[in-house]
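For reference, the structure discussed in these notes is given below.
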Amino acid sequence: MFPDIRPRRLRSTPAIRRLVAETSLEPRHLVLPMFMADGLDEPREIASMPGVYQHTADSLRKAAAAAVSAGVGGLMLFGVPSPEDKDARGSAASDPGGVLNRALRSLRSELGDSTVIMADTCLDEFTDHGHCGVLTDTGVVDNDATLERYAEMAVAQAEAGAHLLGPSGMMDGQIGFIRSALDEAGHTEVGQLAYSAKYASAFYGPFRDAVGSSLEGDRRTYQQDPANRRESLHEVDLDLAEGADMVMVKPAMSYLDVLREVADRSPVPVAAYQISGEYSMITAAAQKGWIDRDAAILESLVGIRRAGADVVLTYWAAEVAGRLS
Ligand code: PBG
Numbered sequence: 003m004f005p006d007i008r009p010r011r012l013r014s015t016p017a018i019r020r021l022v023a024e025t026s027l028e029p030r031h032l033v034l035p036m037f038m039a040d041g042l043d044e045p046r047e048i049a050s051m052p053g054v055y056q057h058t059a060d061s062l063r064k065a066a067a068a069a070v071s072a073g074v075g076g077l078m079l080f081g082v083p084s085p086e087d088k089d090a091r092g093s094a095a096s097d098p099g100g101v102l103n104r105a106l107r108s109l110r111s112e113l114g115d116s117t118v119i120m121a122d123t124c125l126d127e128f129t130d131h132g133h134c135g136v137l138t139d140t141g142v143v144d145n146d147a148t149l150e151r152y153a154e155m156a157v158a159q160a161e162a163g164a165h166l167l168g169p170s171g172m173m174d175g176q177i178g179f180i181r182s183a184l185d186e187a188g189h190t191e192v193g194q195l196a197y198s199a200k201y202a203s204a205f206y207g208p209f210r211d212a213v214g215s216s217l218e219g220d221r222r223t224y225q226q227d228p229a230n231r232r233e234s235l236h237e238v239d240l241d242l243a244e245g246a247d248m249v250m251v252k253p254a255m256s257y258l259d260v261l262r263e264v265a266d267r268s269p270v271p272v273a274a275y276q277i278s279g280e281y282s283m284i285t286a287a288a289q290k291g292w293i294d295r296d297a298a299i300l301e302s303l304v305g306i307r308r309a310g311a312d313v314v315l316t317y318w319a320a321e322v323a324g325r326l327s
């Protein structure tokens, strides 16, 4: 019996495939993570992330303007302080003159409201021990003392011009605590993209290089266990109850099932972060000639969109936005 039903009909030409594609990828869906570092005379390529740079103030402005003209939906900023500016409480994070707050101020004055300027709200780049919070005497991350620091950092970032804060430290209660601090300081318009389901992932490896992290050990007492699914739904519910404006699943490619489930139940937009290790794996395989770089990048991003992400943070945001438009 030859088949009566032939799904291949809808795959037979580029035009018909385009007509029936269920998932789209547009520049506005993409957010570019960017790094500004202190102590540089010129931009420095990150060894483990070929094609990604730590920026000077000047190169940051130029790269951000280029990304915005390519049509990206937003920018997510990280600061890399000089080692001598790191301390146990991550003071530079809430200092208006700290590297991240200077980056925010400069981009907001350059770009205004023409894009969405986001800030990583977390202490790990700024602490000398490299953890995402402050430590107790016995070296454990102190949840509630860390919340006080996040609140100070958040207000400083709002004052520096961030539109959207990205609390990524996985402390309990961080979204609600930051919300109250922002509101009390009069920043009711500044929102939060909550890193709700953030897993303790080996794929963050290259990022630690990107921000010159001082971390020894791991983040398993605050980031989630990769074995868990239900826990992510709980974290999302808590963040929504605390006032999250958007929620995120991170990393993306090893957690697409979690992303799908969060997207199915979330009443707010859902983001996913295609992280450093995901970037570097594709880049390294392409450099060896083992995969078709451009096709692999697009397929990875379409896959993340298909799993339910409204917004995708990716180090390829500007490049892909340029290719799509
Ligand atoms: C924490 C933070 C991390 C990333 C974004 N925010 C690192 C971590 O949790 O260790 C990782 C991003 C990436 O790997 O691309 N401030």
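The number in our numbering is simply the position in the sequence shown, starting from 1, with 2 added. Heads up, the beta-carbon is just placed ideally off N, CA and C, and yes, glycines get one too.
At a cut-off of 7 Å, the beta-carbon of Ser61 does not count as near the ligand PBG: no heavy atom of the ligand is closer than that. For Lys252, DSSP records a beta bridge to Lys200.
Taking 7 Å as the cut-off, one finds no heavy atom of the ligand PBG near enough to the beta carbon of Ile48.
Collapsing the DSSP output to three states places Glu47 in a strand.
Counting C-beta atoms within 10 angstroms of its own C-beta, Arg151 has 16 or more neighbours from the protein chains shown and is therefore classed as buried. Counting only residues of its own chain and dropping the five nearest sequence neighbours on each side, Pro52 has a CB closer than 6 Å to the CB of Thr285.
Using a cutoff of 7 Å, the CB of Ile177 does not count as near the ligand PBG, since none of the ligand's heavy atoms is closer than that.
Counting along the chain, Ala121 sits inside the beta strand (DSSP E) bounded by residues Val118 to Thr123. A straight line joining the alpha-carbon of Asn103 with that of Ser234 spans about 30 Å. Nearest to Val270 by C-alpha distance, out of Ser198, Glu237 and Asp247, is Asp247. Annotation for His133: Val143 place their beta carbon closer than 6 Å to its own, counting only its chain and skipping 5 residues before and after. Taking a C-beta distance under 8 Å as the contact criterion, Phe205 and Glu280 qualify as a contact pair. Within its own chain, the residues whose Cβ lies closer than 6 Å to the Cβ of Glu237, once the five positions on either side in sequence are excluded, are Ser198 and Ala199, listed in chain order.
Set against 7 Å, the gap from the CB of Phe4 to the closest heavy atom of the ligand PBG is not smaller. Secondary structure of His31 (DSSP, three-state): helix.
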